[in-house]
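Below: the structure, in structure tokens.
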Amino acid sequence: MWIVRLALRRPYTFVVAALLLLLLTPFVITKTPTDIFPAINIPVVSVIWNYTGLPADQIAQRIVYGEERALTTTVDNIEHIESTSYDSFGVIKVFFQPGTNPSTAVAQLTAVSQTILKQLPPGTTPPLIIQYSASTVSILQFGISSTKLSEQQVFDIALNQIRVGLISVPGVSIPYPYGGKQRVVSVDLDLKALEANNLVESDVVTAISNGSLTYPSGTAKIGGKEVPIDLNVNPPRIDLLNDLPIKSVGGTVIHVSDVAQVRDGYFPQENIVRQDGVRSTLLSVFKNGSASTLSVAAGVKAAMANILKTVTSDIQVKQFADQSVFVKAAVSGVVREGVIAAALTALMILLFLGSWRSTFIIAVSIPLSV
549 MWIVRLALRR PYTFVVAALL LLLLTPFVIT KTPTDIFPAI NIPVVSVIWN
599 YTGLPADQIA QRIVYGEERA LTTTVDNIEH IESTSYDSFG VIKVFFQPGT
649 NPSTAVAQLT AVSQTILKQL PPGTTPPLII QYSASTVSIL QFGISSTKLS
699 EQQVFDIALN QIRVGLISVP GVSIPYPYGG KQRVVSVDLD LKALEANNLV
749 ESDVVTAISN GSLTYPSGTA KIGGKEVPID LNVNPPRIDL LNDLPIKSVG
799 GTVIHVSDVA QVRDGYFPQE NIVRQDGVRS TLLSVFKNGS ASTLSVAAGV
849 KAAMANILKT VTSDIQVKQF ADQSVFVKAA VSGVVREGVI AAALTALMIL
899 LFLGSWRSTF IIAVSIPLSV
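Numbering (my numbering), first residue to last: 549 to 918.
And the structure:
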């Protein structure tokens, strides 16, 4: 009851406080993250090892087991560890105690992984360490297709232009595109021609590697000027790699084109995405745990409109699976129910008390208390 007595003694103080709350409400609402579910702060970090060609059992025995043993002795606040081994990949999920600083956990995992790298099979590359949040969910998906461009070109545009442009939106996380063909330089060997010229596959690899080197050319001082030096050691086009020499036999130079064909190719395709019957690429947009779904979705849509002005007109981008629609509907429902509840409460007070003054005070107090 003390607060009631204080309000009766100092009515103007509470009137000013109510007006202050009313004025601050728009600023608070615009800055508060809007989502259906609250942020789930479970510190989880994934360590992903890659060794191409190594079977799953060897990944588990020679890489994953050693990493797990090192983590349990050098990393703090581990709650439990889960691991899964695949062909060429090993995924280790490290769950930490509540309240653990994720940045410290990532730093410790990085240090340990670099330390044990020399104990792993030769050729093992450093792992990919990703901080995971249960609140990181997909809020938008874009289907990217073209009736004129190849799958390699569509995937290349989605990865290197659209994805790079969207990643600058605050609170956005975008994985690799799904579907399409990842563009690479492919070398198709002619085994009969190799055998006829007494060559092996490594000779072709060596010729291409030696013919596309990067050297620091520096500058040359000529008189009173300093001139930059450009070297032509890198072919400007992929097809020019076919002209690189492999070896000379009896005065005859054997080129790459004599035993192989270098072309603009792609990795073996493992997944296919179709949009309206046309092979395309799927780009999923995730939000970070603390970001607002509405602000991230609005930022991505605005950025996508600007990106499409810079890419070729042969690209068609279709948006679907928009999570912000459900968030807006949920917020609208909450506001509508709140207004109905306040109106019914005020009407009930008016019917029982018959006082417009009391009804007005209570009707104003309900939204302020919320």
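We put the CB at the ideal spot given by N, CA and C, even for glycine.
This structure is a prediction, so every number in the text was calculated from the model and none was measured.
The way I'd put it, the segment 675-695 does touch the segment 819-833; three or more beta-carbon pairs between them come closer than 8 Å. For the 8 Å CB-CB criterion, Gly727 and Ile611 do not form a contact. Under the three-state reduction of DSSP, Gly813 is assigned to strand. Note that the C-beta distance between Gly671 and Val732 is not below 8 Å. Residue state for Thr858 is assigned as coil, using DSSP reduced to three classes. When DSSP assignments are scanned along the segment 588-669, the uninterrupted stretches of alpha helix (DSSP H) that are 4 or more residues long and fall wholly within it turn out to be 604-607, 613-622, 650-663. Under the Cβ criterion (8 Å, minimum of three pairs), the segment 772-781 does not count as touching the segment 797-805. A Cβ-Cβ distance of about 7 Å is found for the pair Ala755 and Pro793, placing them in contact under the 8 Å criterion. Sequence-distant partners of Arg811 (beyond 5 residues in either direction) whose C-beta falls short of 6 Å from its own C-beta, in its chain, are Ser734. Looking at the backbone, the Cα of Ser880 and that of Phe874 are separated by about 10 Å. Contact between Leu707 and Tyr724 holds: their C-beta atoms lie close to 7 Å from each other, under 8 Å. Residues of the same chain with a CB within less than 8 Å of the CB of Thr620, apart from the 5 flanking positions on each side, are Ile626, Ile629 in chain order.
At a cut-off of 4 residues, the continuous stretches assigned as alpha helix (DSSP H) that sit fully inside the segment 681-747 are 699-705, 711-714, 739-744.
By the Cβ rule, the segment 600-615 counts as touching the segment 633-641, because three or more pairs are nearer than 8 Å. Around the beta carbon of Lys729, 16 or more other beta carbons lie within 10 angstroms, which makes this residue buried. In this structure, Ser594 sits near Ile678, with a CB-CB distance shorter than 8 Å. Assignment of beta-bridge partners to Lys866 by DSSP yields Gly691.
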